[in-house]
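J.: Okay, handing you the structure first.
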DNA sequence: CTGAAAGCGCTAACAA
DNA sequence: TTGTTAGCGCTTTCAG
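Protein chains in written order, with our numbering: chain A, 1 to 369; chain B, 370 to 738.
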């Protein structure tokens, strides 16, 4: 069995004690220049790499802390994101990372409070899904000013100094939606987009991408862009009105997860000639896929987003790896035939996650296997 | 800051020994139902969370070896796969993993020799893309018999005892191809499939999926399935003949990477009414995307395949995590609008990775045997 | 079935 | 200036 070189081996070869090796390696006081160099040389020669787990264990505290603040609702989205983060955290724990998880109930709620409390800890990095840019941006800047690397997830925080953003490229999502729609409906149709709030970066960019692709290569005209403000009621009403007003409408792009009200309105109007491009995936959407109302869905892959966010942060902290300021994942495309291959549709199967390190006093809903 | 509760504290409160606590927590044998429950309860009550650094230290072999044998050609595919493996290897190196990379020049060549030489090392795991099942299967079985966990990548090795396979689900690829085609061409068209060798699992399954989806929900009829045996010449000739014979042919699914000869034949025949569904992506395909000959490509994501294969192996070795016997990735769908978001089209593959990378990760700057 | 104890590689406190 | 040693919390082996 391959033996990894450790302090002991260096000590043996350099003919000193293990304590001396430690002193040399960490530029601690109380060692002569000569022996230090000797030790450093043999360490170099042997290609020594520290065992970070052992170090973390010895110093008693974690190697470093990373804070996470994401919403809990909407569950079928953020549960995946959390799983992605936690799965990666399990690996990172092997090198001494520890996670502090401080979710907010829903996007934008209690952001101020949770984020501030997070900054009281001695963080090296922070993952946050920004809700209200106005409250989050200053906190992000404060964190970065203190050397805490901030990674925005899912949506960007414009005008902040965040180190990076991880998301499924929103502009591309919009373009994909337009391209797919052009395959599904007649070329001279009217189409519409239903979105959340256009002032959030994410939705603005989705609509922008949608428009630009429409303009670029199809005859379809964008009848309107509706803001539904994440309200089911509003989504439903506005769709109803839209359908009444426009008989030549054959496609709708829903940029939020809020597609069910739209489906309902469609059914109400008996408009089977209208195709939907939706966003993300959850079990209740499946019937609409099967009957063809939803032609495709743009999948933002929250699991991978979470995984990636933590990964770039950990790589950065451990080996100063540079972080690309924008990590945009390629959005997935959900169709009828691959529907069952997305974990979201297997709603029930929530294997309890153990193994995530949380500090005492956290909500630790975990079973240990 | 409270002290975290550990095995010791649980043992004290449950009035048992620390060894017993461990047995209870991990469902290990040799403990009575009664004590197990008692321990589990107090663990729950105390909100125990394991110290993962300590676990890693205790269980982690100080170092271990993992062997890799994949082809070098076709470069634009296997370079990605290698990058995925190496990127993940860089992380795993932090916990003592070491990689032995022994590629074969192309699929099936020198498999016997390279794999055997790999087995001379003291491996804990092996990643292999099986070319000739007849030569690989026995080697895999021999490895597994010696406790080496084997993960097949990209294609399975049927009838072997391999621990797991990682691939982009081939059956699903075929189904997706059929579904996409049905969006692109008239419903009563003839379609064809061009494949490599049907005796390889991978291609057989792709064609199977293609057929099953065609049968299931479209009027299209499968005119024929051509075996081109990975030969450019043969691909070209057979496509030429196919086009001459069938005027109602409007769609072709190319299950291999060998789509250029097909595109050529199409151009030769001036058949702009035929749409292609291809497999994977490389720069030379781009013009055919732009002029619409290729309607979509099924992307097998070799980078993630490589990453995943190594990851499951390392997780297994380090913490005995179970390996799912089949890890099938959801194949990607390449269209016009997301074309530029695949790293493959940035042929050189170096600089362009800031604002438009689909996955994070540096190219591995890793020295390997 | 249960307890005791030896490490895993490293840090830090104490001796020499 | 150097060497020695006791843990960190967990797994694992060996006795009882």
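Yeah, the Cβ is synthetic: ideal placement off N, Cα and C, and Gly gets one too.
1) Between which two residues does the alpha helix (DSSP H) carrying residue 53 (chain A) extend?
2) How would you label residue 574 (chain B), buried or exposed, when you count the other beta carbons within 10 angstroms and need 16 or more for buried?
3) What does residue 225 (chain A) touch in chain B if you count any residue whose Cβ is under 7 Å from its own?
4) List the residues that DSSP assigns as beta-bridge partners of residue 64 (chain A).
5) Quick check: is the beta carbon of residue 464 (chain B) nearer than 8 Å to any beta carbon in chain A?
6) Is there contact between the stretch 661 to 670 of chain B and the stretch 508 to 519 of chain B, where contact requires at least three CB pairs shorter than 8 Å?
7) Between which two residues does the alpha helix (DSSP H) harbouring residue 572 (chain B) extend?
8) Please give me, in chain order, every unbroken run of the beta strand (DSSP E) with length at least 3 that falls completely inside the stretch 109 to 169 of chain A.
9) Measure the beta-carbon distance from residue 193 (chain A) to residue 255 (chain A) and round it to whole angstroms, keeping in mind my assumption that it falls under 8 Å.
10) Any C-beta of chain A sitting closer than 8 Å to the C-beta of residue 379 (chain B)?
11) Distance cutoff 8 Å, beta carbons only. Does residue 13 (chain A) sit that close to anything in chain B?
12) What's the C-alpha gap between residue 379 (chain B) and residue 439 (chain B)?
13) Closest to residue 599 (chain B) by C-alpha separation, out of B:443, B:422, B:536, B:387, would be which residue?
14) Taking the straight line between their C-alpha atoms, what separation do you get for residue 628 (chain B) and residue 543 (chain B)?
15) Strictly below 8 Å CB to CB, what residues from chain A border residue 544 (chain B)?
16) Around the Cβ of residue 247 (chain A), are there at least 16 other Cβ atoms within 10 angstroms (buried) or fewer (exposed)?
17) Against residue 90 (chain A), what residues of chain B qualify as contacts under a CB-to-CB distance less than 8 Å, listed in chain order?
18) Provide the residue span of the alpha helix (DSSP H) that contains residue 317 (chain B), from first to last.
19) Quick check on residue 190 (chain A): does DSSP put it in helix, strand or coil?
20) Using a Cβ cut-off of 7 Å, pull out every chain A residue sitting near residue 739 (chain B), in sequence order please.
21) May I have the straight-line CA-CA distance separating residue 123 (chain A) from residue 305 (chain A), to the nearest angstrom?
22) Sort out for me which residues DSSP pairs residue 701 (chain B) with in a bridge.
23) Considering only residues of the stretch 609 to 689 of chain B, which uninterrupted beta strand (DSSP E) runs meet the minimum length of 3 residues and lie entirely inside it, listed in chain order?
24) Please tell me whether residue 399 (chain B) and residue 430 (chain B) are closer than 8 Å, where the distance is taken between their beta carbons.
25) Check residue 540 (chain B) in the structure and name its three-state DSSP category.
26) Indicate whether the contact test is met: 3 or more Cβ pairs, each with one atom in the stretch 473 to 493 of chain B and one in the stretch 526 to 543 of chain B, closer than 8 Å.
27) Give the range of the beta strand (DSSP E) segment to which residue 226 (chain A) is assigned.
28) For residue 56 (chain A), does the count of other Cβ atoms within 10 angstroms reach 16, so buried, or fall short, so exposed?
29) Please report whether the beta-carbon of residue 404 (chain B) lies at a distance below 8 Å from any beta-carbon of chain A.
30) Exposed or buried, what is residue 566 (chain B) when buried is set at 16 or more other beta-carbons lying within 10 Å of its beta-carbon?
31) What residues of chain A sit near residue 687 (chain B), judged by a beta carbon separation below 8 Å?
32) Along the stretch 48 to 75 of chain A, what residues have a CB closer than 8 Å to any CB found in chain B?
33) Residue 538 (chain B) CB to nearest chain A CB: under 8 Å?
34) Is it buried or exposed for residue 307 (chain A), if we count other Cβ within 10 angstroms and need 16 for buried?
35) Buried or exposed: where does residue 98 (chain A) fall if 16 or more other Cβ atoms within 10 Å of its Cβ makes it buried?
36) Since residue 446 (chain B) meets chain A, which of its residues come closer than 8 Å, beta carbon to beta carbon?
T.: Let me lay it out:
1) If you number the first chain from 1, residue 53 (chain A) lands on position 53. Counting along the chain, the alpha helix (DSSP H) containing residue 53 (chain A) begins and ends at 52 to 59.
2) One-based indexing of the second chain puts residue 574 (chain B) at position 205. Buried, by the Cβ-count rule.
3) Taking the first chain and counting its residues from 1, one reaches residue 225 (chain A) at position 225. Per Cβ cutoff of 7 Å: no residues; residue 225 (chain A) is ~19 Å from chain B at best.
4) Translated into positions along the first chain, residue 64 (chain A) becomes position 64. Beta-bridge annotation (DSSP): residue 64 (chain A) is paired with A:97.
5) Position 95 of the second chain holds residue 464 (chain B). Chain A contact via Cβ: present.
6) No contact exists between the stretch 661 to 670 of chain B and the stretch 508 to 519 of chain B.
7) Residue mapping note: residue 572 (chain B) aligns to position 203 of the second chain, counting from 1. Counted as a single uninterrupted DSSP element, the alpha helix (DSSP H) harbouring residue 572 (chain B) occupies residues 570 to 586.
8) For secondary structure counted as the beta strand (DSSP E) over 3 or more consecutive residues, the stretch 109 to 169 of chain A holds these complete runs in sequence order: 123 to 128, 149 to 153, 164 to 168.
9) Taking the first residue of the first chain as 1, we reach residue 193 (chain A) at position 193. Taking the first residue of the first chain as 1, we reach residue 255 (chain A) at position 255. Contact holds; Cβ gap of about 6 Å.
10) On the second chain, position 10 is the one that residue 379 (chain B) refers to. The beta-carbon of residue 379 (chain B) is placed no less than 8 Å from the nearest beta-carbon of chain A.
11) Residue numbering aside, residue 13 (chain A) sits at position 13 when the first chain is read from its first letter. Nearest CB-CB separation between residue 13 (chain A) and chain B: not below the 8 Å threshold.
12) Taking the first residue of the second chain as position 1, residue 379 (chain B) is located at position 10. Taking the first residue of the second chain as position 1, residue 439 (chain B) is located at position 70. Straight across, the Cα-Cα distance linking residue 379 (chain B) with residue 439 (chain B) is about 48 Å.
13) As a first step, residue 599 (chain B) is located in the second chain; it is residue number 230 there, counting from the start. The shortest Cα separation from residue 599 (chain B) among B:443, B:422, B:536, B:387 belongs to B:443.
14) One-based indexing of the second chain puts residue 628 (chain B) at position 259. One-based indexing of the second chain puts residue 543 (chain B) at position 174. Computed Cα separation, rounded: 16 Å.
15) Translated into positions along the second chain, residue 544 (chain B) becomes position 175. In chain order: 337, 338.
16) The residue labelled residue 247 (chain A) in the question sits at position 247 within the first chain. In the assembly as shown, residue 247 (chain A) is an exposed residue. Its beta-carbon has fewer than 16 other beta-carbons within 10 Å.
17) By 1-based counting over the first chain, the position of residue 90 (chain A) is 90. Under a criterion of Cβ atoms nearer than 8 Å, the residues of chain B adjacent to residue 90 (chain A) are, in order, 421.
18) As displayed, chain B neither begins before 370 nor continues past 738, which places residue 317 (chain B) out of reach and without an answer.
19) On the first chain, position 190 is the one that residue 190 (chain A) refers to. Residue state, collapsed to three classes: strand.
20) Not covered by the structure: residue 739 (chain B). The range shown for chain B is 370 to 738.
21) For the purposes of this step, residue 123 (chain A) is identified with residue 123 of the first chain, where counting begins at 1. For the purposes of this step, residue 305 (chain A) is identified with residue 305 of the first chain, where counting begins at 1. Whole-angstrom Cα-Cα distance: 21 Å.
22) Here the question's residue 701 (chain B) lines up with position 332 in the second chain. DSSP output for residue 701 (chain B) lists B:668 as bridge partner(s).
23) The beta strand (DSSP E) runs of length 3 or more contained entirely in the stretch 609 to 689 of chain B are, from start to end of the chain, 618 to 623, 644 to 648, 663 to 668.
24) Residue numbering aside, residue 399 (chain B) sits at position 30 when the second chain is read from its first letter. Residue numbering aside, residue 430 (chain B) sits at position 61 when the second chain is read from its first letter. Result no, Cβ atoms of residue 399 (chain B) and residue 430 (chain B) do not sit closer than 8 Å.
25) The sequence position of residue 540 (chain B) within the second chain is 171, counting from 1. Three-state DSSP puts residue 540 (chain B) in a helix.
26) Contact between the stretch 473 to 493 of chain B and the stretch 526 to 543 of chain B is absent, with fewer than three C-beta pairs closer than 8 Å.
27) Translated into positions along the first chain, residue 226 (chain A) becomes position 226. Run containing residue 226 (chain A): 221 to 227, per the beta strand (DSSP E) assignment.
28) Locating residue 56 (chain A) in the first chain gives position 56, where the first residue counts as 1. So residue 56 (chain A) ends up on the buried side.
29) The residue labelled residue 404 (chain B) in the question sits at position 35 within the second chain. Not one chain A Cβ lies under 8 Å of residue 404 (chain B).
30) Here the question's residue 566 (chain B) lines up with position 197 in the second chain. Within 10 angstroms of the beta-carbon of residue 566 (chain B) lie fewer than 16 other beta-carbons, which makes it exposed.
31) Translated into positions along the second chain, residue 687 (chain B) becomes position 318. Result: 94.
32) Correct list: 49, 51, 52, 53, 54, 56, 57, 62, 63.
33) Against the second chain, residue 538 (chain B) aligns to sequence position 169. Among the residues facing chain A, residue 538 (chain B) is included, as its CB has a counterpart in that chain under 8 Å away.
34) Within the first chain, numbered from 1, the residue matching residue 307 (chain A) stands at position 307. Here residue 307 (chain A) is buried, its C-beta having at least 16 other C-beta atoms within 10 Å.
35) Translated into the one-based positions of the first chain, residue 98 (chain A) becomes position 98. Classification for residue 98 (chain A): buried.
36) Position 77 of the second chain, counted from the start, is the residue given in the question as residue 446 (chain B). The contact set of residue 446 (chain B) on chain A, defined by CB atoms closer than 8 Å, is empty, because the minimum CB distance reaches about 17 Å.
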